[in-house]
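Undergrad:
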Amino acid sequence: MNISYGILSSGNLGLQCLKYLHLTQNINFVFTDKKSDGIISFCNDNNIPLFIGNPRGAKSSCFLSNFDTDVILSLNYLFIVEDDIISHANKYSINFHGSCLPKYRGRTPHVWAIINDEKETGITAHKLTEGCDEGDIIYQEKITIAQDITGAELLDIYNERYIIIIQKLINKIEKNTITFIPQDETKATFYGKRTPDDGQINWSWQKERIYNWIRAQAKPYPGAFTYCKNKKIVIHKIQYSDFGYNDSDPNGIVLQTESNIIIKTPNGAICLLDYDFASDEKIVKGEILV
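This is the structure:
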């Protein structure tokens, strides 16, 4: 069956999906953002028609008029799209989202799931609409979140599972067995865009919250951070410590620096295992991180 596809994709996850689809399917065009250099280079190298930038406001109407497209797949795409793109597909317009919808609509759901100490997340293929991750569900699978997994490591699992789910979805499309299940709006949650500046640690949080906050953003992500003497410390990995302290000690105080740096939180101490300190100065006992 000769089905034509339009691909909306961003970032490395979108690139991996695009490479797979290019090998197996007929791709009419690709939409991406200005910062997705890998996708731009891949399309240029393989002569795939490419629209770069935000398509909202019918900016892509002239571009789309050159194509007759059966299915549009949105794979880690940066932008919310409008009906001129959605309705361009003759059969289906489908979005992939990295959560078990309707929970965790919005941006970087895998990071938010770790921050919130979720034990599982997932991937959902759903009908593409003008709303944010609101369309009827076509396929969904769950992914276990290990207690020590980082946000980047969870995204690596997504890289593998997205390809497998694309295969399953294409099989449904070719067999004409696509079905739609409406999302339960009473269970919907939404999380917004995160920036590196959002990563600051609040030392009044419980140690479990701090642990999840750090692993969710660990390298190669920009990292959770704090300040010592107005110098930034980016923390990538910690563990809980049974080091003693006085309840009257302020949260964020450095309890020890001899073998490892140990810091007080409201319900226990934590030990820094991997961090970057943007200073030649040493962190000393008694200093308070903010």
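Numbering (the working numbering), first residue to last: 541 to 830.
No residue lacks a Cβ here, since even glycine has one placed at the ideal position from N, Cα and C.
Source: prediction; values computed, not measured.
(1) Over what stretch of residues does the alpha helix (DSSP H) that includes residue 716 continue unbroken?
(2) Can you list, in chain order, the residues of its chain with a C-beta nearer than 7 Å to that of residue 622? Leave out the 5 residues immediately preceding and following it.
(3) Run the CB neighbour count on residue 640, radius 10 Å, all protein chains shown included, and call it buried at 16 or more, exposed below.
(4) Going residue by residue through the region 745-812, where are the continuous beta strand (DSSP E) segments of at least 3 residues, counting only ones entirely within it?
(5) With 16 other CB atoms within 10 Å as the buried threshold, where does residue 568 fall?
(6) Considering only the beta carbon of each residue, do residue 576 and residue 546 sit closer than 8 Å?
(7) In whole angstroms, what separates the C-alpha of residue 649 from that of residue 730?
(8) Report yes if the CB atom of residue 660 is closer than 8 Å to the CB atom of residue 678, and no otherwise.
(9) Can you tell me whether residue 608 is buried or exposed? The criterion is at least 16 other CB atoms within 10 Å of its CB, across all chains shown.
(10) I need the straight-line Cα distance from residue 612 to residue 583, nearest angstrom please.
(11) Have a look at residue 818 and residue 736 and give me their C-alpha separation to the nearest angstrom.
(12) What residue range does the alpha helix (DSSP H) around residue 562 cover?
(13) Is the region 778-796 touching the region 741-760, taking contact as three or more C-beta pairs under 8 Å?
(14) In the DSSP assignment, the beta strand (DSSP E) including residue 579 goes from what residue to what residue?
(15) Please tell me whether residue 543 and residue 566 are closer than 8 Å, where the distance is taken between their beta carbons.
(16) Report the CB separation of residue 718 from residue 557 in whole angstroms; it is logged as a contact under 8 Å.
(17) Report the rounded CA-to-CA distance for residue 802 versus residue 602, giving the unit in angstroms.
(18) Can you give the Cα-Cα distance for residue 740 and residue 724, rounded to whole angstroms?
(19) Mind checking which residues open and close the alpha helix (DSSP H) that includes residue 615?
(20) Near residue 793, which residues of its chain fall below 6 Å by C-beta distance, leaving aside the five closest residues on each side in sequence?
(21) Around the C-beta of residue 600, are 16 or more other C-beta atoms found within 10 angstroms, so that it is buried, or is it exposed?
(22) Name the one or two DSSP bridge partners that residue 635 has.
(23) Excluding sequence positions up to five away, which residues of its chain have a Cβ less than 7 Å from the Cβ of residue 574?
(24) Which word fits residue 721, buried or exposed, when buried means at least 16 other C-beta atoms lie within 10 angstroms of its C-beta?
(25) Given a cut-off of 8 Å, decide if residue 685 and residue 694 are closer than it, judged by their beta-carbon atoms.
(26) Could you tell me if residue 535 is buried or exposed, where buried requires 16 or more neighbouring beta carbons within 10 angstroms of its beta carbon?
(27) Quick check: the Cα distance between residue 663 and residue 774, rounded to an integer number of angstroms?
(28) Just list the residues that DSSP pairs residue 740 with in beta bridges.
(29) Give me, in chain order, the residues of the same chain whose beta-carbon lies closer than 8 Å to that of residue 797; leave out the 5 immediate sequence neighbours on both sides.
(30) Please classify residue 614 as buried or exposed, where buried requires at least 16 neighbouring CB atoms within 10 angstroms.
TA: The short version:
(1) It is not in any alpha helix (DSSP H) - residue 716 carries neither H nor E in the DSSP assignment.
(2) 596 and 670
(3) buried
(4) 764-768, 771-781, 794-796 and 802-805
(5) buried
(6) no
(7) 9 Å
(8) no
(9) exposed
(10) 17 Å
(11) 16 Å
(12) 551-564
(13) yes
(14) First-last for residue 579: 577-585, but that is the alpha helix (DSSP H), not the beta strand (DSSP E).
(15) yes
(16) About 19 Å; that fails the 8 Å criterion.
(17) 60 Å
(18) 34 Å
(19) Residue 615 -> not in any alpha helix (DSSP H); beta strand (DSSP E) instead, spanning 609-615.
(20) 804 and 828
(21) buried
(22) 614 and 666
(23) 592 and 593
(24) exposed
(25) yes
(26) Residue 535 falls outside the range modelled here, since the chain spans only 541 to 830, and no answer is possible.
(27) 30 Å
(28) 765
(29) 822, 823, 824 and 825
(30) buried
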